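Reading through the structure tokens given below for one structure.
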Amino acid sequence: MKICVIGTGYVGLVAGAGFSDMGNDVTCCDVDKSKIDGLNRGELPIYEPGLDKLVETNAAEGRLVFTTDVAKGVAGADIVLLAVGTPPGPDGSADLQYIFKAAEDVADALTGWAVIVTKSTVPVGTGDKIEARMKARTKHEFAVASNPEFLKEGDAVNDFMKPDRVIVGAEDKRAIDSLRSLYAPFTRTSDRMLVMDRRSAELTKYAANSMLATRISFMNDLSNLCEILGCDIELVRKGMGSDVRIGPKFLYAGAGFGGSCFPKDLKACITTGREVGYELKILDAVVEVNEKQKKLLGQKVLKHFNGDLKGKKIALWGLAFKPGTDDIREAPALVLVEQLLAAGAEVVATDPVAMPAVRKQLGDRIRYEESNYDTAEGADALVLVTEWNEFRRPSFDRLKKIMRQPVIFDGRNIWNPAEVRAAGFTYSGIGRGKA
Ligand code: NAD
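Residue numbers (our numbering): 1 to 435.
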């Protein structure tokens with residue numbers, strides 16, 4: 001099949017590479033010339049495990065092509081995927097200007113029937129609007145389908161190549177058939193494609209992210225109660241998660257959720273409700289708990305040093321919003337950095353892949369170190385913000401020797417408090433006994 005992907009970011013690039021790997025001819029388009037030039041030189045614009053190999057192999061085979069020329073990509077394509085950003089607007093609703101512009105560019109470039117597939121996360125009714133806008137610009141017939149993407153950054157290639165389920169929102173038989181054959185190689189072991197109406201498919205994506213975020217905020221809320229009651233959220237989590245009706249995933253208390261999806265999708269979902277006069281009260285609370293939680297680590301550090309961080313050096317391990325990605329959109333680490341700087345601290349940070357992105361945003365307001373131990377050298381406190389594997393088993397004895405003060409804040413509860421304390425540290429986690 002000939003496939004065109006509009007928008008070559010996290011979703012578009014992974015999808016383009018994944019579809020080309022199944023033997024399709026894929027053209028990935030983007031308005032960002034530097035991104036396309038880089039890809040044509042073999043440079044990936046994002047960090048995602050396994051993606052470099054996938055792109056390299058398929059580009060070398062000539063099945064994966066990158067261009068800024070939408071008309072070239074759309075001409076003769078059977079399927080056109082829209083994978084551009086849908087960031088939050090000032091009122092929290094999804095800003096649809098990029099997806100409408102992309103759809104109009106596609107309409108102008110159509111050369112025959114194609115199915116236009118919205119992979120971006122969009123509010124209910126966006127497919128209807130895309131269809132109307134495109135109809136006004138082209139004489140060619142086409143169908144518009146919704147196919148929300150569920151990949152996780154950090155494990156995007158795996159998620160894409162082995163999806164739990166594929167949601168397709170479409171009523172047009174030809175569109176459904178095209179998407180069935182596109183996804184057949186990915187859903188061979190069992191038929192995991194769920195076909196539904198377009199509006200329900202659009203809402204399914206928001207509903208899924210909202211439920212996952214709700215679990216996290218629920219646990220963060222409980223973790224704060226644990227600190228008042230002297231309970232350990234890690235034991236509560238294990239006890240709850242082993243109930244098969246609940247399950248163990250997304251039950252980790254921590255520094256709050258961030259990233260490009262949960263915060264914006266929750267806001268867009270809440271706004272969608274509000275626009276039709278319905279208040280999603282649970283989601284309002286989920287957002288409120290998360291805003292509070294993102295400030296918690298900073299408050300703990302400030303409390304420990306009696307509110308004055310002048311002359312104190314604070315070391316941060318982890319900047320990305322979660323392990324496995326260089327994405328720092330809405331990352332809790334950025335909130336923490338601002339709190340620490342405002343209180344007069346010197347901040348030194350390390351992250352396996354996100355430092356270039358943070359440097360772009362914060363410049364030299366903080367210091368960056370490549371090595372974990374160099375970051376902690378001479379620090380008055382070490383704060384673990386992102387639970388990368390390389391931070392899981394440090395030598396606490398070595399840390400004790402090189403730090404100015406033996407103080408650890410474990411923002412993701414990855415360390416054993418007894419072990420850290422036995423090494424001579426003051427340890428503070430999230431929801432682990434009395435604060
Ligand atoms: P991104 O910002 O990484 O990439 C979007 C790309 O679209 C950018 O490279 C941008 O230059 C390009 N673009 C914008 N307008 C364009 C146009 N008119 N023509 C061509 N290219 C254009 O975004 P992303 O993280 O890949 O997210 C894309 C969509 O997928 C969003 O709606 C997001 O909510 C959704 N989504 C993201 C994830 C994720 O983990 N990142 C997961 C599932 C769904």
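Cβ coordinates follow ideal geometry from the N, Cα and C atoms, glycine included.
Note that the coordinates shown come from a computational prediction; the quantities given were computed from them, not determined experimentally.
Distance between residue 377 and residue 147, taken at the CA atoms: about 49 Å. Listed in chain order, the non-local C-beta contacts of residue 268 below 8 Å within the same chain comprise 86, 88, 92, 93, 94, 121, 123, 206, local neighbours out to five positions each way being set aside. In the DSSP secondary-structure assignment, residue 169 is bridged to 146, 196. Straight-line measurement puts the Cα of residue 309 at about 5 Å from the Cα of residue 343. In the DSSP assignment, residue 67 forms a beta bridge with 29. The C-alpha of residue 401 is placed about 50 Å away from the C-alpha of residue 21. Judged by DSSP in its simplified three-state form, residue 246 adopts coil rather than helix or strand. Cβ-Cβ separation between residue 430 and residue 253: approximately 5 Å, consistent with a contact (criterion under 8 Å). Under the 8 Å Cβ criterion, the region 417 to 424 does not count as touching the region 345 to 357, having fewer than three qualifying pairs. Going by beta carbons, residue 385 and residue 333 fall inside the 8 Å limit.
Residue pairing by DSSP places residue 428 opposite 409 in a beta bridge. DSSP, reduced to helix, strand and coil, places residue 162 outside both helices and strands of the structure shown, so it counts as coil.
Closest by C-alpha distance to residue 288, out of 154, 340, 256, is 256.
Closest by C-alpha distance to residue 321, out of 251, 76, 262, is 262. In its chain, beyond the 5 residues on either side, 1, 3, 114, 115, 117, 178, 182 have a beta carbon closer than 7 Å to the beta carbon of residue 79.
Here residue 373 has 398, 402 as same chain residues with Cβ atoms under 7 Å from its own Cβ, once five neighbours each way along the sequence are excluded.
When the Cα atoms are used, residue 168 and residue 142 turn out to be separated by approximately 16 Å. In this structure, the beta-carbon distance from residue 411 to residue 330 does not fall below 8 Å. One thing to note: residue 110 has its Cβ no nearer than 8 Å to the Cβ of residue 6. Non-local beta-carbon contacts of residue 44 in its own chain, meaning distances under 8 Å to residues more than five positions away in sequence, involve 13, 38, 51, 52, 55 in chain order.
From the listed residues 102, 282, 36, the smallest Cα separation to residue 134 is found for 102. The alpha-carbon separation between residue 425 and residue 380 amounts to approximately 11 Å. Here the distance from the Cβ of residue 362 to the nearest heavy atom of the ligand NAD is not below 7 Å. Judged by DSSP secondary structure, residue 384 falls within the beta strand (DSSP E) whose first and last residues are 381 to 384.
Beta-bridge partners of residue 367 (DSSP): 348.
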